[in-house]
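In my numbering, the protein residues as written are 28 to 320.
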């Protein structure tokens with residue numbers, strides 16, 4: 028099992044300088060990949076734009092995103108991601124997510140949460156067919172178009188798509204449609220149980236998901252979380268504080284627990300933006316870098 032660790036900005040505020048430090052430092056210190064999350068109302072870059080910049084800045088580093096599918100035009104998204112995969116020479120990693128459910132992010136996405144699952148069910152197969160070079164016509168939940176053929180096609184054939192989410196509907200969808208699973212906000216025990224559900228659904232659908240394609244996105248804190256930050260985190264996700272390891276030894280221990288239940292891909296992201304990303308990466312490398320195999 029190949030253990031790989033990527034680093035994400037997450038919801039922490041981003042800047043050009045921070046992204047430059049990340050791209051350079053991740054490559055220098057042997058981390059697997061750079062990850063940009065899509066939070067429409069957050070102080071973060073658009074992931075397509077940010078990852079295109081990162082790919083042009085470094086010819087080796089893999090680039091990954093947890094990107095919204097709801098609220099996007101399917102054909103435009105297919106073209107954006109295919110173009111990014113070509114421009115990065117096949118280094119793109121994609122996890123699609125339904126988006127956050129709290130205001131103002133909920134409203135900015137443009138589709139109420141209870142309708143997002145149905146959209147993903149229809150949109151993901153359309154993306155795959157467009158990336159395979161089919162000429163498609165479609166009229167349904169995910170939009171309407173006729174006789175569309177995509178160019179360019181992704182270098183990666185197929186361009187793999189992982190899904191996030193831990194609720195029963197998300198697990199079932201992952202088993203039916205995805206190439207991998209990258210949840211957050213769960214314990215190793217919950218992740219193990221979720222994986223069992225996904226693999227069972229996949230088997231019943233006549234599919235298999237590689238055992239190497241199970242990972243987790245982990246927020247962590249370097250220092251104790253202050254009451255104001257805890258209040259904000261809890262308002263957004265009720266369990267976020269209790270599931271956030273505090274200190275790098277605690278982060279390592281959590282990663283080791285996930286490895287123990289069969290997970291091998293990790294995206295670690297500080298919940299508070301570090302003053303120096305270079306220093307943060309050096310500390311992360313010393314704490315967890317040797318776990319990569």
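For each residue, glycine too, the CB sits at the ideal point set by N, CA and C.
Just so we're clear, the structure is a prediction, and the values are computed from it rather than from any experiment.
Is residue i near the ligand GDP - that is, is its Cβ less than 7 Å away from at least one heavy atom of it?
i	result
residue 50	As presented, the structure is devoid of all ligands, the ligand GDP included, so that no description of it is given.
Should residue i go down as buried or exposed, given a rule of 16 or more other Cβ atoms within 10 Å for buried?
i	result
residue 237	exposed
residue 59	buried
residue 258	exposed
residue 93	buried
residue 129	exposed
residue 171	exposed
residue 297	buried
residue 42	exposed
residue 303	exposed
residue 91	buried
residue 57	exposed
residue 167	exposed
residue 65	buried
residue 192	buried
residue 254	exposed
residue 200	buried
residue 45	buried
residue 70	exposed
residue 306	exposed
residue 103	exposed
residue 173	exposed
residue 265	exposed
Output yes or no for whether 8 Å exceeds the beta carbon distance between residue i and residue j.
i	j	result
residue 10	residue 29	In the structure as shown, the chain starts at 28 and stops at 320, and residue 10 therefore has no counterpart that could be examined.
residue 112	residue 183	yes
residue 230	residue 203	no
residue 285	residue 210	no
residue 137	residue 125	no
residue 80	residue 34	no
residue 190	residue 175	no
residue 68	residue 169	no
residue 96	residue 36	no
residue 311	residue 270	no
residue 353	residue 53	Outside the shown range of the chain, which is 28 to 320, sits residue 353, and nothing can be said about it.
residue 239	residue 205	no
residue 281	residue 252	no
residue 242	residue 287	no
residue 123	residue 188	yes
residue 105	residue 154	yes
residue 150	residue 101	yes
residue 82	residue 118	yes
residue 267	residue 256	no
residue 218	residue 299	no
Rounded C-beta distance between residue i and residue j? I'm assuming under 8 Å.
i	j	result
residue 315	residue 279	5 Å
residue 198	residue 109	No, residue 198 and residue 109 are not in contact; Cβ-Cβ is about 28 Å, not under 8 Å.
residue 222	residue 289	7 Å
residue 160	residue 177	7 Å
residue 194	residue 244	Not confirmed; about 16 Å, so no contact.
Return the first residue and the last residue of the beta strand (DSSP E) that residue i is part of.
i	result
residue 163	162-167
residue 289	Taken as a continuous stretch (DSSP letters only), residue 289 belongs to no beta strand (DSSP E), as it is neither H nor E.
residue 147	Run containing residue 147: none in the beta strand (DSSP E); it sits in the alpha helix (DSSP H), 140-158.
residue 170	170-176
So the alpha helix (DSSP H) residue i belongs to, where does it begin and stop?
i	result
residue 34	From DSSP, residue 34 is part of no alpha helix (DSSP H) but of the beta strand (DSSP E) over 31-35.
residue 315	304-315
Just list the alpha helix (DSSP H) runs in the stretch 180-249, keeping only unbroken ones of 4 residues or longer that don't cross its boundaries, in chain order. 195-204, 215-231
Self-check item: Residue ranges of each alpha helix (DSSP H) within the stretch 46-131, 4 or longer
Solution: 74-84, 101-114
Any chance you could list the alpha helix (DSSP H) runs of at least 4 consecutive residues sitting entirely within the stretch 244-281, in chain order? 254-263
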